[in-house]
Structures are given as C-alpha cells and as structure tokens.
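So for the sequence shown, UniProt numbering puts the first residue at 1; every next one is plus one.
Data first, discussion second: the structure below is written as structure tokens.
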Amino acid sequence: SPKKKGLPDNSYVVMKLELGNLQSVRDFVSNLKAFKAARPLTHLICNAAVYKPKDPEPAWTDDGFEMSMGVNHLGHFLLVHLLMDDMSRAKGARVCIVGSITGNTNTVGGGLVYPQADLGKLQGFEKGAKKPVAMADGKPFFGAKAYKDSK
1 SPKKKGLPDN SYVVMKLELG NLQSVRDFVS NLKAFKAARP LTHLICNAAV
51 YKPKDPEPAW TDDGFEMSMG VNHLGHFLLV HLLMDDMSRA KGARVCIVGS
101 ITGNTNTVGG GLVYPQADLG KLQGFEKGAK KPVAMADGKP FFGAKAYKDS
151 K
C-alpha cells in the first residue's frame, strides 16, 4: 500500500477502474481528465490481467466478451485509445503494455506449454466476439489458450 511505502496522502489518488466494463473505462478516463485538469499525463502502464487457465467454461465481461480478452486486451485498448490525444501532447509521454511470455511461441511458457496462442484468422471476431463466442479463433473455449490469445 502507498502508506506502507511511506508515500504522503497528497501524493497519490485512488480511482476506480473496471477493465471488464467498457463504460467503467470511459468513466475512469472522464474522471482522470477532470482530476488532472491542465497537468499532462506522461506515463501509462497497462498491467492488469485475469488468468483462469483451469476454468471449464468461459466467464463474461459486463459487455458480453470472454473475460480474458475483455479485460486483458479490449479494456486496455479502449483505455489507451481514449487517453492517446492527451498523451500525444505531453513531452516524452510513454505507454507500456505489459505482456506475458505465455503468448510468445518462442518461449518455454508460450511455445512448449500446451496450448499455444493462436488467433487463427480471427473467426471469433468475425462472429461478433461476444457471448456465446468465447475464443478469438472461433473454436471451443479453453481457459489457458484464452489467456494466451488475449496477450
């Protein structure tokens, strides 16, 4: 916690953001812009993720997307998209999107541990990428692959 790290109360602000709800992302950006007013936003680190490799059935975001893809990819995408104009005006601004080695086929976690990430031809997105379509490639749900595909 910030207090355990010795940060003064006036040096940080806690704001609610639920990446599995696209309206929450929009509300967060609106609140952040109001809070920061004329101060530039110079750094954004996207690190949140859900990882449920053993789930036999998909979980869904409030917007109807498979949870891994919705939180790990789509929520972050919308967040960056909505902040990009502000950040592009800031000197030296940076966005860091934290990935995972499990999505890389040339690593032990991604290449040697079944299943490998594979988006196919994005057939799941062609079908709308919403419930009941859980996987980007349109194939049946597999929790570990859903996580890898989202990264």
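Note that the Cβ used here is the ideal one computed from N, Cα and C, for glycine as well.
For residue i, count neighbouring Cβ atoms within 10 angstroms of its own Cβ and tell me buried if that reaches 16, exposed if not.
i           : result
residue 150 : buried
residue 57  : exposed
residue 34  : exposed
residue 196 : No answer is possible for residue 196: it lies beyond the span of the chain, which begins at 1 and ends at 151.
residue 6   : exposed
residue 11  : exposed
Strictly by DSSP, which residues pair up with residue i?
i          : result
residue 43 : 94
Do residue j and residue i count as a contact pair if the criterion is CB distance below 7 angstroms?
i           : j          : result
residue 146 : residue 18 : no
residue 133 : residue 78 : no
residue 72  : residue 49 : yes
Any chance the region 86-96 sits against the region 35-45, with 3 or more Cβ pairs inside 8 angstroms?
-> With the cut-off at 8 angstroms, the region 86-96 and the region 35-45 touch.
Unbroken beta strand (DSSP E) runs of length 3 or more, entirely within the region 2-88: which are they?
-> The region 2-88 contains these whole beta strand (DSSP E) runs: 43-46.
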